[in-house]
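J.:
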Amino acid sequence: MDRYQSFARSGLGRFVVGRLGLPDPYPLRRHSPGKPPLDGPVLLGGGGRSADAAAGVARSMGLDVVTSAADGVKYGALVFDASGIDSVERLRELHGFFHPVIRSLAPCGRVVVLGTPPDQAASQVAQRALEGFTRSVGKELKRGGTAQLVYVAPGGEGAVESTLRFLLSGRSAYVSGQVVRIGPADVEVPGSWDRPLAGKVALVTGAARGIGAAIAEVLGRDGATVVCLDVPAQGDELSAVANRVGGTSLQLDVTAPDAPTRIVEHLVTRHGGVDVVVHNAGITRDRTLGKMDAGRWDAVVAVNLASQERVNEALLAADALRPNGRVVGVSSIAGIAGNVGQTNYATTKAGVIGMVDSLSRRLAGRATVNAVAPGFIETRMTAAVPLVIREAGRRMNSLSQGGLPVDVAETIAWFAHPASAGVTGNVVRVCGQSLLGA
Ligand SMILES: NC(=O)c1ccc[n+]([C@@H]2O[C@H](COP(=O)([O-])OP(=O)(O)OC[C@H]3O[C@@H](n4cnc5c(N)ncnc54)[C@H](O)[C@@H]3O)[C@@H](O)[C@H]2O)c1
54 MDRYQSFARS GLGRFVVGRL GLPDPYPLRR HSPGKPPLDG PVLLGGGGRS
104 ADAAAGVARS MGLDVVTSAA DGVKYGALVF DASGIDSVER LRELHGFFHP
154 VIRSLAPCGR VVVLGTPPDQ AASQVAQRAL EGFTRSVGKE LKRGGTAQLV
204 YVAPGGEGAV ESTLRFLLSG RSAYVSGQVV RIGPADVEVP GSWDRPLAGK
254 VALVTGAARG IGAAIAEVLG RDGATVVCLD VPAQGDELSA VANRVGGTSL
304 QLDVTAPDAP TRIVEHLVTR HGGVDVVVHN AGITRDRTLG KMDAGRWDAV
354 VAVNLASQER VNEALLAADA LRPNGRVVGV SSIAGIAGNV GQTNYATTKA
404 GVIGMVDSLS RRLAGRATVN AVAPGFIETR MTAAVPLVIR EAGRRMNSLS
454 QGGLPVDVAE TIAWFAHPAS AGVTGNVVRV CGQSLLGA
């Protein structure tokens, strides 16, 4: 908990926050093994294509599923299958379902709306309208609640499990107001939902600290053998992370001319290839454009974008990415909204989204390609931001707090999941529904 959050939870703090209408950062419920994924049953409504699959997933997670509301019950999640809504008039069904029950959502509860991708729907207008509805619900929810829209393509109903398991749990604690697309896919069902990455090899760049270290830990927890990569100057921290997750460490600078070859060589000779590649290494060199020298521009482009392209091409050329592979980029909300002093950084982070668009099409059926776009995450990078800007960044989102590295890592673990074969071409913000670029 940050200092303001501790104050807001104290007796005096509650009074002041309530009276002055200040941000009220509710402590988020995060995934913890052995703890139920949500507090309370799932209320399921709507009668579209995905409702049965959603009910089955919720039950297999150990959640009770009910289809009619009862007085006094607090729901862990409200799930509405709107995929069959085929006219503007029928949008009224959203109001009919949510209006009576929205105030009965438990703290840190989940709203999930299921739709049909607008370009494949009987009414493109009605399905596109679901976005405005869901994002507004996310902004209205209090006490750690989140809302997402999942467009399931016809034929993709059997590919929803990993996504719903992520969204209907504390793994998605800091993800809200997002639109996710799931396509039809042959889904590899893991032997165990607790260790879905058992037998898989994952490469994580920038793994010595911050978000990268959390990614390595979560992928390791999920069973992957993690190759942790960082610059030689971070060697000690890197080895500590690699030891903790039972993985190996690879000390190199991703911008070095021989980096792609060395990465491929390490992965092929030591591990026989790679299943999950996470391009997390990133730097900032902020200055407004008129004051930015070419060195700052070049350094950021080299680490944050050019290296990703070069490594991807080398892996593909060597056929080192195994079937049902995963490529995950780390973008930023700065790459969506733009940011003062970050023309270089935002260029690279928007470029990562371009990489998702082009590579996901190129690798369709062979591998998925997605990105996370973190907002304000509590790390060394954000601790270096001046106080006033830092405080604004922390509070300017629907959850009124910064996220933790683990929130980004859990989102990447969902992309990395063997059952997420239908999840490709997505950019999911992990930003507590930040106002920036919304
Ligand atoms: N912290 C945030 O709020 C935030 C928000 C949006 C996006 N991001 C992105 O998340 C990623 C991780 O950020 P973080 O906050 O953990 O940063 P961090 O600075 O704490 O960690 C970045 C890691 O990358 C490594 N790295 C840098 N250059 C490298 C190179 N040339 N070769 C190999 N490794 C290199 C660093 O040594 C470091 O260990 C970055 O891509 C960043 O742009 C962070």
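Sequence positions in the sequence shown follow the numbering used here and run 54 to 491.
Heads up, the beta-carbon is just placed ideally off N, CA and C, and yes, glycines get one too.
All values reported here derive from a predicted model rather than from experimental measurement.
Would the beta-carbon of Phe468 be found less than 7 Å away from any heavy atom of ligand 1?
T.: No - ligand 1 has no heavy atom lying nearer than 7 Å to the Cβ of Phe468.
J.: What's the C-alpha gap between Gly404 and Arg62?
T.: When rounded, the distance between both Cα atoms is 40 Å.
J.: When burial is assigned at 16 or more other CB atoms within 10 Å of the CB, is Ser103 buried or exposed?
T.: Label assigned to Ser103: buried.
J.: Quick one: is Val242 buried, meaning 16 or more other Cβ sit within 10 Å of its Cβ, or exposed?
T.: Exposed, because fewer than 16 other Cβ atoms sit within 10 Å of the Cβ of Val242.
J.: How would you write the range of the alpha helix (DSSP H) that Tyr398 sits in, first residue to last?
T.: Here the alpha helix (DSSP H) through Tyr398 covers Thr396 to Arg415.
J.: When DSSP builds the beta bridges, which residues end up paired with Gly99?
T.: In DSSP, Gly99 forms no bridge with anything.
J.: Can you give the beta carbon distance from Leu97 to Ala107, rounded, assuming they're within the 8 Å contact cut?
T.: Sure, about 6 Å apart at Cβ, within 8 Å.
J.: Roughly how many whole angstroms lie between the Cα atoms of Ala445 and Pro78?
T.: So the alpha carbons of these two residues sit roughly 13 Å apart.
J.: Let me know the alpha helix (DSSP H) ranges lying completely inside the segment 415-461, each 4 residues or longer, listed in chain order.
T.: Segments of the alpha helix (DSSP H) lying fully in the segment 415-461: 433-436 and 440-448.
J.: Rounded to whole angstroms, how far is the Cβ of Pro94 from the Cβ of Asp117, which I believe are closer than 8 Å?
T.: Yes, Pro94 and Asp117 are in contact; Cβ-Cβ is about 4 Å, under 8 Å.
J.: So, for Leu412: in the same chain, excluding its five sequence neighbours on each side, which residues have a beta-carbon less than 6 Å away from its beta-carbon?
T.: Val422, listed in sequence order.
J.: Hey, Val257 and Gly244: beta-carbon distance below 8 Å or not?
T.: Taking 8 Å as the Cβ cut-off, Val257 and Gly244 do not qualify as a contacting pair.
J.: Look up Pro78 in the DSSP assignment and say whether it is helix, strand or coil.
T.: In this structure, Pro78 counts as coil in the three-state DSSP scheme.
J.: Excluding five sequence neighbours on each side, which residues of the same chain lie with their C-beta closer than 6 Å to the C-beta of Val190?
T.: Taken in chain order, the residues that qualify are Val164 and Ala200.
J.: Is the separation between the beta-carbon of Arg447 and that of Phe429 shorter than 8 Å?
T.: Closer than 8 Å, so yes.
J.: Which of the three DSSP states is assigned to Arg143 in this structure?
T.: In the structure shown, Arg143 sits in a helix (DSSP, three-state: H, G or I).
J.: With three or more beta-carbon pairs closer than 8 Å as the criterion, would you say the segment 206-220 touches the segment 161-175?
T.: The segment 206-220 vs the segment 161-175: in contact.
J.: Would you mind working out which of Leu374, Ile386, Leu368 and Thr308 sits nearest Val353, comparing C-alpha positions?
T.: Residue Thr308 is the option with its Cα nearest to Val353.
J.: What are the partner residues of Leu303, as DSSP defines its beta bridges?
T.: According to DSSP, Leu303 bridges with Leu282.
J.: Roughly how many angstroms separate the alpha carbons of Asp460 and Leu358, rounded to a whole number?
T.: Taking the straight line joining both Cα atoms gives about 23 Å.
J.: Are the Cβ atoms of Trp246 and Arg218 separated by less than 8 Å?
T.: Cβ atoms of Trp246 and Arg218: closer than 8 Å.
J.: When you measure from the CB of Gln454 to every non-hydrogen atom of ligand 3, does any distance come out below 7 Å?
T.: Absence of ligand 3 from the depicted structure is noted, with ligand 1 being the only ligands included.
J.: Following the continuous alpha helix (DSSP H) through Ile264, name the residue where it begins and the one where it ends.
T.: It spans Gly263 to Arg274 - the alpha helix (DSSP H) in which Ile264 sits, taken as one unbroken run.
J.: I need the straight-line Cα distance from Asn333 to Arg145, nearest angstrom please.
T.: Going from the Cα of Asn333 to the Cα of Arg145 covers about 42 Å.
J.: In whole angstroms, give me the CA-to-CA distance for Met54 and Gln173.
T.: Looking at the two C-alpha atoms, the distance is approximately 43 Å.
J.: Rounded to whole angstroms, what's the CA-CA distance from Arg262 to Asp346? Just pull it up for me.
T.: Distance between the alpha carbons of Arg262 and Asp346 is about 28 Å.
J.: Expressed to the nearest angstrom, what Euclidean distance is found between the alpha-carbon atoms of Val284 and Asp306?
T.: Approximately 5 Å, taken between the alpha carbons.
J.: For the beta strand (DSSP E) holding Thr199, just list the boundary residues, first then last.
T.: That run of the beta strand (DSSP E) goes Thr199 to Val205.
J.: Is Leu489 near ligand 1, going by C-beta to nearest heavy atom under 7 Å?
T.: It does not: the Cβ of Leu489 is nowhere closer than 7 Å to a heavy atom of ligand 1.
J.: Using 7 Å as the cut-off, classify the Cβ of Leu303 as near or not near the heavy atoms of ligand 1, replying yes or no.
T.: Incorrect: Leu303 has no Cβ contact closer than 7 Å to ligand 1.
J.: How is the beta strand (DSSP E) around Leu256 delimited, first residue to last?
T.: Note, Leu256: beta strand (DSSP E), Val254 to Thr258.
J.: Which one or two residues does DSSP pair with Phe133 in a beta bridge?
T.: The partner list for Phe133 (beta bridge, DSSP) reads Gly98 and Val166.
J.: Tell me whether Gln486 counts as near ligand 1, meaning its Cβ is closer than 7 Å to at least one heavy atom of that ligand.
T.: Checking the Cβ of Gln486 against ligand 1 gives no.
J.: On the CB-based measure, 16 or more other CB atoms within 10 Å of its CB, does Asn296 come out buried or exposed?
T.: Exposed.
J.: What are the boundary residues of the beta strand (DSSP E) that includes Leu342?
T.: Unbroken run through Leu342: none, as it is neither H nor E.
J.: Going by DSSP, name the residue or residues bridged to Arg482.
T.: In DSSP, Arg482 forms a bridge with Ala426.
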